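Sequence order for the protein chains is E and F.
Position 64 (the first sequence) corresponds to 64 in my numbering; numbering is contiguous.
Going from the second sequence to my numbering is simple: count from 1 and add 98.
Idealized CB from N, CA, C, for every residue including glycine.
Note that the coordinates shown come from a computational prediction; the quantities given were computed from them, not determined experimentally.
Note sheet for the following structure.
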Amino acid sequence: MSAEQQNWDKLVKLARQAPKGAEPEMPLGFATRVVANWPKTAVAPSLEAIWERLSLRFLGVAFAILLVTAGFSYNVIAADQPDVVQMTDSALGVVFEP
Amino acid sequence: MADETLDMAACLTRVRARDEDAARQLVAHLYPLVIKIVRAHLPRRVTEEDLAQEIFLKIFANLDQYRGAVPFEHWVSRVAVSTCLDALRFHKRRPEVRWADLNETEAEVLDAVIQTENEPHPAHAMAANELVGKLLDCLSAEDRMVIQLLDLEEKTVAEIQQLTGWGASLIKVRAFRARAKLRQHLVELERGKKTKS
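Below, the structure is given as structure tokens:
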């Protein structure tokens, strides 16, 4: 071990022996001052909470879009489509029945 | 005075519901723990009360992030250490310590450390502590934190990992580099003394 390292070790060992002082006493009114400043601190939401909130919003928006789309397409969905069925049948007939 | 019988879980529930009495109780209970960390890592020109208050406000602001995976005191210690680290980063480090910066007792201690083979007298412990503080002021916030925890508080690498969130190898590398810098500062101090005398 180098002399410099030994000097540092000796110094630190001596510093560790320094008296720690009396048990820390809380200054009078400290807790009250902290609590008085408490409302000023903005509560930072966690990433998990932000993600949860956004996911719920996206889910709501997606459901609304689904309802609107279904509303606009109601006529198409509800109507009988014999023409489409006939066209499909004839197309399949061409492919599978030579 | 810390209330040893505080029901932490109940108190935290009340604090989360923004009960001010419970918040005051929590501050009183945690004060000895927080102030001990603050005193160990206090930057120059910052009052310990201001830094302690900042730590408590951070604890309240981030209370929802505490999930109970570790004891609450461990979580508080980590918040306190990271706040102290931020405060140390904010304050400029001392460029160097010169022989002229030492008071009479600190100079005597350094003389005794450098020139004698024996252990210096324990009566000089306080001066040695102040001298080490001046030397630590020359380090970066992270280096200072590692040396304080490892060499002065004699914490294990695992304990420092828990407090800082740094990896074991990062802590060891930082300690190695910081000790090298401190040795260099000691050599320069000794050189400064020789030049002066």
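Beta carbon proximity, residue i to chain F, threshold 8 Å
i: leucine 11/E; result: yes
i: tryptophan 51/E; result: no
i: leucine 59/E; result: no
i: leucine 14/E; result: yes
i: threonine 69/E; result: no
i: alanine 31/E; result: yes
i: alanine 18/E; result: yes
i: valine 34/E; result: yes
i: asparagine 75/E; result: no
i: serine 55/E; result: no
Beta-carbon proximity list for residue i, same chain, < 8 Å, skipping 5 on both sides
i: lysine 10/E; result: none
i: phenylalanine 274/F; result: none
i: leucine 186/F; result: His139, Pro141, Ala239, Arg242 and Met243
i: leucine 161/F; result: Leu110, Val113 and Arg114
i: isoleucine 269/F; result: Val244, Leu248, Val255, Ile258, Gln259 and Thr262
Assigned secondary structure, residue i (DSSP; H/G/I helix, E/B strand, else coil)
i: glutamine 17/E; result: coil
i: methionine 106/F; result: helix
i: glycine 265/F; result: coil
i: asparagine 160/F; result: coil
i: arginine 281/F; result: helix
i: alanine 239/F; result: helix
i: lysine 253/F; result: coil
i: arginine 143/F; result: coil
i: proline 218/F; result: coil
i: asparagine 201/F; result: coil
i: valine 195/F; result: coil
i: glutamine 6/E; result: helix
i: alanine 223/F; result: helix
i: serine 73/E; result: coil
i: glutamate 152/F; result: helix
i: serine 55/E; result: helix
i: valine 125/F; result: helix
i: methionine 99/F; result: Any reading at methionine 99/F must be qualified, since the residue scores a pLDDT of 47, below 50, and its modelled position is unreliable; the value itself is stated next. Coil at methionine 99/F, not helix or strand.
i: leucine 28/E; result: coil
i: proline 169/F; result: coil
i: serine 90/E; result: helix
i: glutamate 23/E; result: coil
i: alanine 79/E; result: coil
i: serine 46/E; result: coil
i: arginine 116/F; result: coil
Neighbour flag for residue i against chain A, beta carbons, 8 Å
i: lysine 134/F; result: Included in the structure are the protein chains E and F, with no chain A among them.
Own chain partners of residue i with C-beta closer than 6 Å, once the 5 adjacent residues on each side are dropped
i: alanine 226/F; result: Val207
i: methionine 99/F; result: Note that methionine 99/F has pLDDT 47, beneath the 50 cutoff, so the model's placement of it is unreliable and no number is given.
i: glutamate 217/F; result: none
Neighbour flag for residue i against chain E, beta carbons, 8 Å
i: leucine 237/F; result: no
i: aspartate 241/F; result: no
i: asparagine 227/F; result: yes
i: arginine 187/F; result: no
i: valine 195/F; result: no
i: leucine 200/F; result: no
i: aspartate 249/F; result: yes
i: valine 255/F; result: no
i: valine 244/F; result: no
Neighbourhood of residue i by C-beta, 7 Å cutoff - its chain only, sequence neighbours within 5 removed
i: leucine 233/F; result: Val195, Leu280 and His283
Checklist entry - Can at least three beta-carbon pairs, one atom from the region 204-211 of chain F and one from the region 166-175 of chain F, be found at a separation below 8 Å? => result no
Next on the checklist: What are the residues in the region 204-220 of chain F lying within 8 Å of chain E by C-beta distance?
Outcome noted: Close to chain E, meaning a Cβ-Cβ distance shorter than 8 Å, are the following residues of the region 204-220 of chain F: Val207, Leu208, Val211, Ile212, Glu217, Pro218 and Pro220.
Checklist entry - If contact means a Cβ-Cβ distance below 7 Å, which residues of the region 136-157 of chain F contact chain E? => result Glu147, Gln151, Phe154 and Leu155
Checklist entry - Are the region 188-205 of chain F and the region 150-165 of chain F in contact at 8 Å, needing three or more beta carbon pairs? => result no
Checklist entry - Can you list, in chain order, the residues of the region 102-128 of chain F whose Cβ is nearer than 7 Å to any Cβ on chain E? => result Glu118, Ala121, Arg122, Val125 and Ala126
Item to check | Near-chain E residues of the region 160-181 of chain F - C-beta to any C-beta below 8 Å | outcome: Asn160, Asp162 and Gln163
Checklist entry - Three or more beta-carbon pairs under 8 Å between the region 22-37 of chain E and the region 225-243 of chain F, yes or no? => result no
Checklist entry - So, do the region 120-135 of chain F and the region 14-25 of chain E have three or more beta carbon pairs nearer to each other than 8 Å? => result yes
Item to check | Residues of the region 259-284 of chain F with Cβ closer than 7 Å to any Cβ of chain E, in chain order | outcome: Considering only beta carbons, the part of the region 259-284 of chain F lying closer than 7 Å to chain E consists of Arg277, Leu280, Arg281 and Leu284, in chain order.
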